[in-house]
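The structure appears right after this line, and notes come after that.
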Amino acid sequence: MLFYLSHMTYYASFFNLFRYLTFRSIGALMSSFFIVFLVGKPFIRWMKNMQKGGAAYSS
Numbered sequence: 191m192l193f194y195l196s197h198m199t200y201y202a203s204f205f206n207l208f209r210y211l212t213f214r215s216i217g218a219l220m221s222s223f224f225i226v227f228l229v230g231k232p233f234i235r236w237m238k239n240m241q242k243g244g245a246a247y248s249s
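191 is the number of the first residue of the sequence shown in the numbering used here; add one for each residue after it.
Quick look at the structure:
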């Protein structure tokens, strides 16, 4: 999607940033961290609730 925004450089020069790989990589990194912080704790809590038993391996 960001690549398609780079074609809008005819309207505003700000969209030229989307052509740079480093800018897109940093954007992907920041969005993935945001998703992890948003979904991480509820997902871990849900996985703990789904366990409903002891350890899978006992010696």
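Don't be surprised by glycine CBs; every beta carbon is placed ideally from N, CA and C.
A quick note: this is a predicted structure, and the numbers were derived from the prediction, not measured.
How big is the Cα-Cα spacing for K242 and W236?
Approximately 11 angstroms between the Cα atoms of the pair.
Rounded separation between Y165 and K238 - CA only:
Residue numbering for the chain in the displayed model covers 191 to 249; residue 165 lies beyond these limits and cannot be assessed.
Pairwise C-alpha distance: F204 and T212
Across the structure, T212 and F204 are spaced so that their CA atoms are roughly 15 angstroms apart.
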